[in-house]
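Asker: Quick one: this structure, given as structure tokens, is what I'll be asking you about.
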Amino acid sequence: MTEVNQVPIHCETCQKSFDYTIYQNVNVTETPELKEKLINQTVFQCTCPHCGQKYFIPYILNYQDMDKKILIHFYPKEEEMQKELQQVLIDDQTTNQDFLDSGYAVRYVGSCDEFFEKLCIAEEGYDDRIIEIVKYYCVDRMLQKNIVFDRILFSNQQEAGVGIYIVNGKKISHFIPVSEELLKIAEKQLEKAKPEKDLLVDRYWAQIVASVGDE
Numbered sequence: 001m002t003e004v005n006q007v008p009i010h011c012e013t014c015q016k017s018f019d020y021t022i023y024q025n026v027n028v029t030e031t032p033e034l035k036e037k038l039i040n041q042t043v044f045q046c047t048c049p050h051c052g053q054k055y056f057i058p059y060i061l062n063y064q065d066m067d068k069k070i071l072i073h074f075y076p077k078e079e080e081m082q083k084e085l086q087q088v089l090i091d092d093q094t095t096n097q098d099f100l101d102s103g104y105a106v107r108y109v110g111s112c113d114e115f116f117e118k119l120c121i122a123e124e125g126y127d128d129r130i131i132e133i134v135k136y137y138c139v140d141r142m143l144q145k146n147i148v149f150d151r152i153l154f155s156n157q158q159e160a161g162v163g164i165y166i167v168n169g170k171k172i173s174h175f176i177p178v179s180e181e182l183l184k185i186a187e188k189q190l191e192k193a194k195p196e197k198d199l200l201v202d203r204y205w206a207q208i209v210a211s212v213g214d215e
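In structure tokens form, the structure reads like this:
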């Protein structure tokens, strides 16, 4: 069920307060109109009604898609996510067990980039585990060519399309299309590794999975 709350925000520009709408639990199957706000990243944006100052304020949010069977626990800060995940693992994943038993992919993410990337992967119909392995291979390729970059993201930009974007600073330096060949290689590696139902699927997870079978 989608849960909506109002929290007071103090505007640093005009020193006045206004209410900020936050969605702590979002079920896009029940409230599909919120999916677009999530995908275009406006869900964390607000504007002071008094002076027009714009803000980007991410907050803890649980995202559920009942059709795609995806549950994403989003935390704006990595340390917040890691702290919660450690507690979940101590509790033996009981928080998510019903979803896991129902065939859900349950994920924890600790940054806006990761959250929006997971949404994009789901919308394009890919398995995020496969994409993370593909990204790992792309990183390896970039390092071999001594290419400098800050981030590597899966995205769907209108000009280039769906693929892996290599970002350096604020500029996209390289684009690698997601080919069938790359996907098949990643799928074979995933089958070989046979990972558990991991709650954290990121670059470190991909590094471990991609190294399975190496001599």
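Mind the numbering: the sequence shown is residues 1 to 215 in UniProt numbering, read in order. We put the beta carbon where it would ideally sit given N, CA and C, even for glycine.
#1: Hey, is the segment 82-98 in contact with the segment 125-144, meaning 3+ C-beta pairs nearer than 8 Å?
#2: Starting from PHE18, trace the beta strand (DSSP E) both ways and give me its first and last residue.
#3: Report yes if the CB atom of LEU71 is closer than 8 Å to the CB atom of TYR23, and no otherwise.
#4: Assign GLN64 to one of two classes, buried (16 or more other C-beta atoms within 10 Å of its C-beta) or exposed (fewer than that).
#5: Over what stretch of residues does the alpha helix (DSSP H) that includes TYR63 continue unbroken?
#6: List the whole-angstrom C-beta distance separating VAL106 from LEU190, where the pair is believed to meet the contact cut-off of C-beta under 8 Å.
#7: With burial defined as no fewer than 16 other Cβ atoms inside 10 Å of the residue's Cβ, what is the status of ASP202: buried or exposed?
#8: Which residue's Cα is closest to the Cα of VAL109: ASP67, PRO58, ASP140?
#9: What number of angstroms, rounded off, separates the C-alpha of ASP148 from the C-alpha of CYS138?
#10: For VAL134, which three-state DSSP category applies?
#11: Let's test the definition: count the other Cβ atoms within 10 Å of the Cβ of ILE208 and tell me whether it reaches 16, buried, or not, exposed.
#12: Give the straight-line distance between the Cα atoms of PRO195 and LYS170, rounded to the nearest whole angstrom.
#13: Helix, strand or coil for residue 217 per DSSP?
#14: Please classify HIS10 as buried or exposed, where buried requires at least 16 other C-beta atoms within 10 Å of its C-beta.
#15: Whole-angstrom Cβ separation of ILE185 and HIS174, contact assumed at under 8 Å?
#16: For GLY161, which beta-bridge partners are listed by DSSP?
#17: How would you label CYS51, buried or exposed, when you count the other beta carbons within 10 angstroms and need 16 or more for buried?
#18: Return helix, strand or coil for ILE90, following the three-state DSSP convention.
Answerer: Reading from the atomic positions:
#1: no
#2: For PHE18, the enclosing beta strand (DSSP E) stretches over residues 17-27.
#3: no
#4: In the assembly as shown, GLN64 is a buried residue. Its beta-carbon has 16 or more other beta-carbons within 10 Å.
#5: Not the alpha helix (DSSP H): TYR63 falls in the beta strand (DSSP E), residues 61-65.
#6: The Cβ separation is near 17 Å, so there is no contact.
#7: buried
#8: PRO58
#9: Per the sequence presented here, residue 148 reads as Val, with Asp not at that position. The alpha-carbon atoms of VAL148 and CYS138 are separated by roughly 13 Å.
#10: The three-state secondary structure of VAL134, taken from DSSP, is helix.
#11: exposed
#12: 34 Å
#13: This structure cannot speak to residue 217, because the chain is shown only from 1 to 215.
#14: exposed
#15: Wrong, their Cβ atoms sit about 19 Å apart, outside the cutoff.
#16: GLN157
#17: Under this definition CYS51 is an exposed residue.
#18: helix
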